[in-house]
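Enquirer: Chains A and B, in that order, are what the protein sequence lines are.
Counting in the working numbering, the first sequence runs from 1 upward without gaps.
Counting in the working numbering, the second sequence runs from 1 upward without gaps.
Where a beta carbon is used, it is the ideal one built from N, C-alpha and C, also for glycine.
Protein chains: 2
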Amino acid sequence: MTPDEIDALTFDVFGTVVDWRGGIIRDGTALGAKHGLAVDWGHFADAWRGLYQPLLGSVRDGRRPWVPLDQLHREGLLQVLAQFGIHGLDEAEIADFVRVWHRLDPWPDAVAALTRLKRRYVLATLSNGNVRLTVNMAKRAGLPWDAVLGAEVAHAYKPMPEAYLATARLLDVPPGRCLMVAAHYSDLVAACGQGFRTCYVWRRAEYGTGEKHDLPDDHGLDLVVEDFGELADRLGV
Amino acid sequence: MTPDEIDALTFDVFGTVVDWRGGIIRDGTALGAKHGLAVDWGHFADAWRGLYQPLLGSVRDGRRPWVPLDQLHREGLLQVLAQFGIHGLDEAEIADFVRVWHRLDPWPDAVAALTRLKRRYVLATLSNGNVRLTVNMAKRAGLPWDAVLGAEVAHAYKPMPEAYLATARLLDVPPGRCLMVAAHYSDLVAACGQGFRTCYVWRRAEYGTGEKHDLPDDHGLDLVVEDFGELADRLGV
Chain A
1 MTPDEIDALT FDVFGTVVDW RGGIIRDGTA LGAKHGLAVD WGHFADAWRG LYQPLLGSVR
61 DGRRPWVPLD QLHREGLLQV LAQFGIHGLD EAEIADFVRV WHRLDPWPDA VAALTRLKRR
121 YVLATLSNGN VRLTVNMAKR AGLPWDAVLG AEVAHAYKPM PEAYLATARL LDVPPGRCLM
181 VAAHYSDLVA ACGQGFRTCY VWRRAEYGTG EKHDLPDDHG LDLVVEDFGE LADRLGV
Chain B
1 MTPDEIDALT FDVFGTVVDW RGGIIRDGTA LGAKHGLAVD WGHFADAWRG LYQPLLGSVR
61 DGRRPWVPLD QLHREGLLQV LAQFGIHGLD EAEIADFVRV WHRLDPWPDA VAALTRLKRR
121 YVLATLSNGN VRLTVNMAKR AGLPWDAVLG AEVAHAYKPM PEAYLATARL LDVPPGRCLM
181 VAAHYSDLVA ACGQGFRTCY VWRRAEYGTG EKHDLPDDHG LDLVVEDFGE LADRLGV
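#1: For the pair the segment 103-115 of chain A and the segment 152-160 of chain A, tell me if three or more CB-CB distances fall below 8 Å.
#2: State the CB to CB distance for the pair L179 of chain A and C199 of chain A, rounded to an integer number of angstroms; the pair is presumed to be in contact (CB under 8 Å).
#3: Can you find a heavy atom of the ligand GDP that lies under 6 Å from the Cβ of D46 of chain B?
#4: Could you say which of A:V225, A:P68, A:H43 lies nearest to G129 of chain A if we only look at CA atoms?
#5: Does any residue of chain A bring its CB to less than 7 Å from the CB of G147 of chain B?
#6: Which residues in chain B sit within 8 Å of A138 of chain A, going by Cβ to Cβ distance?
#7: If you draw a straight line from the C-alpha of S58 of chain A to the C-alpha of Y207 of chain B, how long is it?
#8: Does DSSP classify Y207 of chain B as helix, strand or coil?
#9: Can the beta-carbon of F11 of chain B be found less than 7 Å from the beta-carbon of T125 of chain B?
#10: Which class does P65 of chain A belong to by DSSP, given the choice of helix, strand or coil?
#11: Nearest-angstrom Cα distance between R203 of chain B and E226 of chain B?
#12: Work out the CA separation of Q53 of chain A and S186 of chain A for me, nearest whole Å.
#13: From G193 of chain A to A95 of chain A, what does the alpha carbon distance come to, in whole angstroms?
#14: Under a CB-based cut-off of 7 Å, is L170 of chain A close to chain B?
#15: Pick helix, strand or coil for Y185 of chain B, following the three-state DSSP scheme.
#16: Three or more C-beta pairs under 8 Å: does that hold for the segment 31-46 of chain A against the segment 129-141 of chain A?
#17: State the DSSP-derived secondary structure class of Y121 of chain B, mapped to helix, strand or coil.
#18: For Y200 of chain B, which of helix, strand or coil comes out of DSSP?
#19: Assign V237 of chain A to one of three DSSP states: helix, strand, or coil.
#20: By Cβ distance below 8 Å, which residues in the same chain neighbour L117 of chain B in space, the five residues on each side in sequence not counted?
#21: Does the segment 81-89 of chain A come close enough to the segment 29-40 of chain A to have 3 or more Cβ pairs within less than 8 Å?
#22: Who pairs with S127 of chain B in a beta bridge, going by DSSP?
#23: Closest Cβ-Cβ distance between V18 of chain A and chain B: below 7 Å?
#24: Using a Cβ cut-off of 7 Å (strictly closer), state whether V243 of chain A contacts chain B.
#25: For the beta strand (DSSP E) that contains A8 of chain A, what are its first and last residues?
#26: Using a threshold of 7 Å, state whether the C-beta atoms of L56 of chain B and G76 of chain B are closer than that.
#27: Does R132 of chain B have its Cβ less than 7 Å from a Cβ in chain A?
#28: Indicate the three-state DSSP secondary structure (helix, strand or coil) for L223 of chain B in the structure shown.
#29: Would V67 of chain B pass as an interface residue toward chain A - the criterion being a Cβ-Cβ separation below 7 Å?
#30: Would V93 of chain B be called buried (16 or more neighbouring beta carbons within 10 Å of its own) or exposed?
#31: Kindly list, in the order they appear in chain A, the residues whose Cβ is closer than 7 Å to that of E211 of chain B.
#32: Give me the chain A residues within the contact set of E162 of chain B, using Cβ-Cβ distance strictly less than 9 Å, ordered along the chain.
#33: Starting from I25 of chain A, trace the alpha helix (DSSP H) both ways and give me its first and last residue.
#34: Considering only the beta carbon of each residue, do W145 of chain B and A138 of chain B sit closer than 7 Å?
#35: One question on the structure: do D70 of chain B and R177 of chain B come within less than 7 Å of each other, judged by their Cβ atoms?
#36: Does chain A have any CB closer than 7 Å to the CB of V181 of chain B?
Here it is in structure tokens:
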């Protein structure tokens with residue numbers, strides 16, 4: 001794959017662009033201090049994120065109608081609060097904690113490298129995050145997306161094919177000229193299945209010290225990079 | 001309406017943010033010079049734009065399935081070229097001329113005022129232009145949209161209610177907290193019908209010297225402004 005074979009870069013967001021675990025620990029710690037809670041917020045973050053795929057699955061397989069990710073995050077939070085024995089948060093605190101996903105910090109290389117990449121390529125999110133979540137995150141962090149697309153506009157959660165195909169269609173770019181960028185091999189396999197080119201990014205701190213990555217040796221991807229700076233270098237921008 | 005009653009500003013684009021007539025004249029003149037054509041490009045622009053509503057109508061009323069605006073612009077161009085007796089453009093020239101809609105220049109106040117407005121509000125396009133058209137225009141002109149929404153993501157051309165409602169839903173903002181900004185009264189009437197707040201912008205040069213505006217005296221809109229700078233002033237940003 002050469003740089004001129006690509007028109008658009010589509011990005012997974014949680015874990016790939018932003019640090020969800022660090023953000024939950026940050027805001028959980030502040031909430032815990034306010035309420036005098038003794039909670040391991042890293043474990044809490046992992047438990048909340050652990051409910052992500054089961055909750056998405058209930059929409060993907062048609063057991064329930066479409067709901068935006070904010071709603072699934074809320075349902076997951078209520079379960080995890082109960083599991084950790086945290087009671088006594090009021091509705092405003094719960095609603096605000098759900099929105100921690102709108103306030104996640106980007107990995108340190110992200111904004112500068114995306115700004116470089118934007119000069120030559122169309123940059124779009126291809127996340128399971130809903131549009132408003134992704135817009136709020138971008139405004140706060142300065143992420144320079146050209147378009148916020150993905151699951152909500154497709155009404156299909158990744159890894160359903162329509163999430164990828166609707167995004168490529170709205171960008172008016174053939175899937176083969178879209179480069180899917182993600183820190184998760186499973187996302188890239190699904191994108192590749194729809195004809196996308198693929199780039200794996202190592203985000204070694206995504207799961208804290210408990211590294212948990214899924215890249216096999218015989219991955220067959222187009223690119224594997226350490227961070228977005230290396231991606232920009234490899235694409236010559 | 002006070003500034004804190006609004007969360008998101010949604011914008012019509014053609015005529016409201018960018019000068020479609022001037023852009024067509026600019027690129028038509030260059031094409032005419034290359035081919036030695038004697039064409040009044042202002043009349044040509046008006047004729048091309050004049051086919052816009054009839055072509056949109058064929059999709060709106062279900063006579064044909066959804067097609068993006070780029071396709072309708074192409075069909076309109078082919079009609080207008082024939083009407084003006086212009087033959088001999090090759091396929092690459094026709095495809096490039098269709099994309100003049102991606103290369104329209106913003107009105108002089110637009111970029112600076114949108115940059116001010118973006119600090120406080122979510123800014124989204126609510127245009128009949130397709131996503132890629134609107135993205136290309138924004139990249140070229142530096143229009144700082146938070147999200148590119150509107151007709152294509154709704155699969156409904158304005159003034160169909162779903163164009164407005166889908167945009168508000170994706171922004172997760174109640175229609176009553178969205179301010180629709182347009183230089184066309186009919187667009188604002190349709191937005192108002194879905195509960196949007198409304199702002200009319202005078203774009204006195206939209207139709208060249210042949211001013212053609214539709215704002216009645218008893219308009220009942222929330223705001224009427226001379227340009228986006230006045231809108232930013234009125235909203236206190």
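Expert: Working from what's here:
#1: no
#2: 6 Å
#3: The ligand GDP is not part of the structure shown, which contains no ligands of any sort.
#4: A:P68
#5: Checking the displayed sequence, the identity of residue 147 of chain B turns out to be Ala instead of Gly. Answer yes: the Cβ-Cβ gap between A147 of chain B and chain A drops below 7 Å somewhere.
#6: Chain B residues near A138 of chain A: D146.
#7: So the alpha carbons of these two residues sit roughly 52 Å apart.
#8: Residue state, collapsed to three classes: coil.
#9: yes
#10: coil
#11: 7 Å
#12: Going by C-alpha positions, S186 of chain A is about 12 Å away from Q53 of chain A.
#13: 37 Å
#14: yes
#15: helix
#16: no
#17: coil
#18: strand
#19: coil
#20: The beta carbon of L117 of chain B is closer than 8 Å to those of L9, L123, F228, L231, A232, L235, V237 in its chain, skipping five residues each way along the sequence.
#21: yes
#22: B:G150, per the DSSP bridge assignment.
#23: no
#24: In the structure as shown, chain A begins at 1 and stops at 237. Residue 243 of chain A is therefore absent and cannot be evaluated.
#25: The continuous beta strand (DSSP E) containing A8 of chain A extends over residues 8-11.
#26: no
#27: Answer yes: the Cβ-Cβ gap between R132 of chain B and chain A drops below 7 Å somewhere.
#28: strand
#29: no
#30: Correcting the residue identity first, residue 93 of chain B is Glu in this sequence and not Val. Answer is exposed; the Cβ neighbour count stays below 16.
#31: In chain order: nothing, as chain A lies at least about 34 Å away.
#32: Neighbours of E162 of chain B on chain A: none; closest Cβ ~14 Å, over 9 Å.
#33: 20-35
#34: yes
#35: no
#36: no
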